[in-house]
Each structure stands twice: as C-alpha cells, then as structure tokens.
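Some notes on the structure that comes next.
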Amino acid sequence: MVIDATRQTPDQVGSGETGRSSGPLPGLLLAILVAIPATVLGQFFPVIGGPIFGLALGAGCAILVRRIAGPKVVEHCAAGFAFASKQVLKVSIVLLGTGLSLTQVLQVGTDSLPVMLGTLAVALVVAALLGRLLRVDSGSGTLIGVGTGICGASAIAAASSVLPVRQVQIAYAMATIFLFNVVAVVVFPPLGHLFGLSETAFGVWSGTAINDTSSVVAAAYTYGAEAGDHAVIVKLTRSLMIIPICLALVVWQRKSAARAAGEPAGTSWWRIVPLFILGFLAASAARTLGLIPDSFVDPLSWAATFCITVALTAIGFSLRASAIRQAGPRPLLLGLFVWLAVAVSSLGLQAAFGQL
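Position 90 (the sequence shown) corresponds to 90 in UniProt numbering; numbering is contiguous.
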C-alpha cells in the first residue's frame, strides 16, 4: 500500500479549480439541503442508503446548477463542500463510536477475530498488489481496500479524513463498495444454503464479507434471525479496525512525506493520533460504561449516517465528469477482485479454524 505524498493536501481537496469561495456556510447549507431528500430516499431503499443517494443527487444537482446558473455558483460554495467532505466526515466517525459497546465486541469478537483480521489483511494485500497491476492510483486502491476490509462507507470516510485523496477517488471507492454490497445481498443467502452454512457461520461470513450495515442486515436476516444477530455484532466489531488502520495510514503518510522532503520521519504520538479517532474511542468508552442510554443509540446512529450523507452530497457537488472518465473502469475491477478475495478468504478461514 503506497500513499503518494505529492497529491493534493486536505486543504486543497474539494476547493474547486479556481479556489474562489465566500466561506464554508453557503456550500455546507446546500449540502445539508440536498442531503435531506437523500436521507428520505435512503429510508425507503435502505440497501442503497442515504450516502449513495446523496452522492448521486449532489452530482446531479451540480450539473443542473452549472447549466442553469453557471459554474461560478458551484465555485462560490467550494469551501463549504470541502468543509463537509472532511470535517463533517470526522464528526460522523465520532458519532459511530456511540453505537459500539466493547462488551458486545468481546462476546462475539473472540471467535470471529481471526477471521476479521485475516480478511482485512487479504483485502489490503490484494488491493495493493492488484492495484499496481491494474494501474489504479494508490489513493483509490487504498480506499477500496480499507472499505472492503473494514466497514464500507465508514472506513472510507475515516481513511479519507487522514489521507490527501481527491473527491473523485472517494466517490469511486464509495460507488464500488455500494455495487458489491447490493450483489452480496442477492447472492449470499442462496450461496449460504448451497454451502450448507449454519446460521452462526453465515453470520460471520456476511459480517466480514459485506460492508454496509444495511446490506449486512438485509442478507443475514434473510438467512435467519440468529445469523442476523451474529452478523450485526461481527460488523460492529469490524468497525474497531478503523482505529489501527487510520493510525497506520497517518504514520505511513508522514514517513512518505518525510522521505520525499529528506527530513527525519520521527514524530510525537500526539501528533500522529487524529482527534476524531480519540473522539471515536471516547464515544465507544462512554457507550460501554453505560453513559449513553440505549434510547440514544438509534438517534445518534441516524445522525452519524446523516453526516456521512451530507459529506457525500458535498463530494457529489465537487465531482467533475472529466475526472470520472479519466479514472475509467479499473477501480471497479479492483473492487470486484478485492471483494471476491475477502468473501472466499472468510469462508476459508472459518474452515481453517473449525467454525464451518
């Protein structure tokens, strides 16, 4: 996994081609406004979800605004789109921590941890190696590997908050994860019956090889109630992998930048750990200690998803058709191979550990 330190910095990402803007408020409000109908659509079509609708609506609205009012209107909102695509994403990660009880993780994680760690390693290695062979840029390859290996949109959101990636790379990674989530919802239950998987085994398989929570729920509960309950906990446990992966990416990026500049790579730990990761840990600890009541979990989870939807809407507004055409189909092909590798390795690891 190679991070190109010469790409745009976070301050440059989403700033538009000209950089002209009147501050973050107009773009942020516009992203929130469009994210509301995207969230409503996501409620009606949970397998697609609000974030993907937000990405699509943002891109569509940007085209209409450019044609009707001219490109300067979108440029006027560029700072707000950049703020939403970075800072609002970080808020969403902190909010996701409020739904993660470490007690639940310990109950299920002991048996499923080897499978989760194994599939994560497979995702990252396959993404790195095949990404080079397919000539996929390192930013897209990293986001696809992290998103497939951990937890889809949430992991991509976290990784994009610590890496200097472009909007089109985030959008492509999100779209890739979404596509194979939908495929998994359709094909996993019949394959599980064909393979004769127990409900527990299917829960581990779907919890490790499907990324988005709504897709995990749709596939696993179709298979059975026990499979669904088990899959959700496995999926939540996978979310913890956000922490070490983000820290590793920050260290990798800093070392790459230091080597490029000919400077020492060492740095203090408090400069490495992103604040939103500390917030995620604090929120999870509060949930574990019972400081966050059960009645608050669903509203906070909704708020986290809405923040991701706002961020993806802003990214949609910032996309350029030329950048999407330039990326081509190779990231999608990489996503397919990584997803297949994770699905196969999940079953293989369960068989190796006597869990099938």
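All C-beta atoms, glycine included, are put in the ideal place defined by N, C-alpha and C.
Predicted model, so just to flag it, every value in this text is computed and none were measured.
Given this structure, state the Cα-to-Cα distance separating residue i from residue j, to the nearest angstrom.
i: Val297; j: Val94; result: 13 Å
i: Leu113; j: Ile144; result: 21 Å
i: Phe44; j: Arg254; result: 42 Å
i: Ala173; j: Leu100; result: 24 Å
i: Leu57; j: Val74; result: 14 Å
i: Ser206; j: Gly70; result: 46 Å
i: Pro293; j: Leu300; result: 11 Å
i: Met241; j: Ala82; result: 26 Å
i: Ser215; j: Tyr223; result: 13 Å
i: Phe353; j: Ala35; result: 44 Å
i: Arg66; j: Ala153; result: 28 Å
i: Ser85; j: Leu130; result: 28 Å
i: Leu347; j: Ser284; result: 29 Å
i: Ala314; j: Leu55; result: 8 Å
i: Ala303; j: Trp252; result: 31 Å
i: Pro37; j: Ala78; result: 21 Å
i: Gly196; j: Cys151; result: 26 Å
i: Gln167; j: Ile308; result: 14 Å
i: Gly290; j: Thr237; result: 18 Å
i: Ser239; j: Gly23; result: 33 Å
i: Thr208; j: Ile32; result: 32 Å
i: Lys72; j: Gly27; result: 12 Å
i: Ala225; j: Val186; result: 17 Å
i: Ala286; j: Phe276; result: 15 Å
i: Leu278; j: Ile243; result: 9 Å
i: Ala248; j: Ala175; result: 24 Å
i: Ala282; j: Gly328; result: 40 Å
Once DSSP output is grouped into helix, strand and coil, what is the label at residue i?
i: Ile292; result: coil
i: Gln355; result: coil
i: Asp298; result: helix
i: Thr103; result: helix
i: Thr98; result: coil
i: Phe45; result: coil
i: Gly328; result: coil
i: Arg320; result: coil
i: Cys77; result: coil
i: Gly23; result: coil
i: Gly348; result: helix
i: Gly279; result: helix
i: Gly60; result: helix
i: Gly70; result: coil
i: Leu340; result: helix
i: Ala304; result: helix
Can you list, in chain order, the residues of its chain with a C-beta nearer than 8 Å to that of residue i? Leave out the 5 residues immediately preceding and following it.
i: Ser198; result: Leu356
i: Leu25; result: Gly80
i: residue 357; result: The question about residue 357 has no answer, for the chain in this structure spans 1 to 356.
i: Val182; result: Val47, Ile48 and Ser215
Taking 6 Å as the limit between beta carbons, can you name the residues of its chain near residue i, skipping five residues before and five after?
i: Val344; result: none
i: Tyr221; result: Gly228
i: Trp339; result: Thr148 and Phe180
i: Ser160; result: Ile170
i: Phe280; result: Ile93, Val94 and Gly97
i: His230; result: Thr200 and Gly203
i: Val165; result: Gly139
i: Leu89; result: Ala157, Ser161 and Ala311
i: Leu29; result: none
i: Gly192; result: Phe202 and Tyr223
i: Ser126; result: Per the sequence shown, residue 126 should be read as Val rather than Ser. The answer, listed in chain order, is Val338 and Ala341.
Going along the chain, which residues of its own chain have a beta-carbon closer than 7 Å to the beta-carbon of residue i, five neighbours each way excluded?
i: Gly149; result: Thr119, Leu120, Ala123, Leu124 and Val342
i: Thr213; result: Lys235
i: Val146; result: Ala155, Ile156, Ala159 and Ile245
i: Pro189; result: Ala219, Thr222 and Tyr223
i: Thr39; result: Gly50, Phe306 and Thr309
Is the beta carbon of residue i less than 7 Å from the beta carbon of residue j?
i: Phe53; j: Leu41; result: yes
i: Asn211; j: Ile177; result: yes
i: Ala184; j: Val47; result: no
i: Leu334; j: Leu134; result: yes
i: Phe317; j: Ala62; result: yes
i: Val91; j: Arg330; result: no
i: Thr288; j: Leu102; result: yes
i: Thr305; j: Gly50; result: yes
i: Ala59; j: Leu319; result: yes
- Task: Could you tell me which uninterrupted alpha helix (DSSP H) segments, each at least 4 residues in length, are contained entirely in the segment 111-191, listed from first to last along the chain?
- Result: The segment 111-191 contains these whole alpha helix (DSSP H) runs: 138-149 and 153-160.
- Report the residue ranges of all alpha helix (DSSP H) runs contained in full by the segment 184-253; include only those spanning at least 4 residues, in chain order. Every alpha helix (DSSP H) of 4 residues or more that sits fully in the segment 184-253 is shown, in chain order, as 199-209, 213-223 and 225-239.
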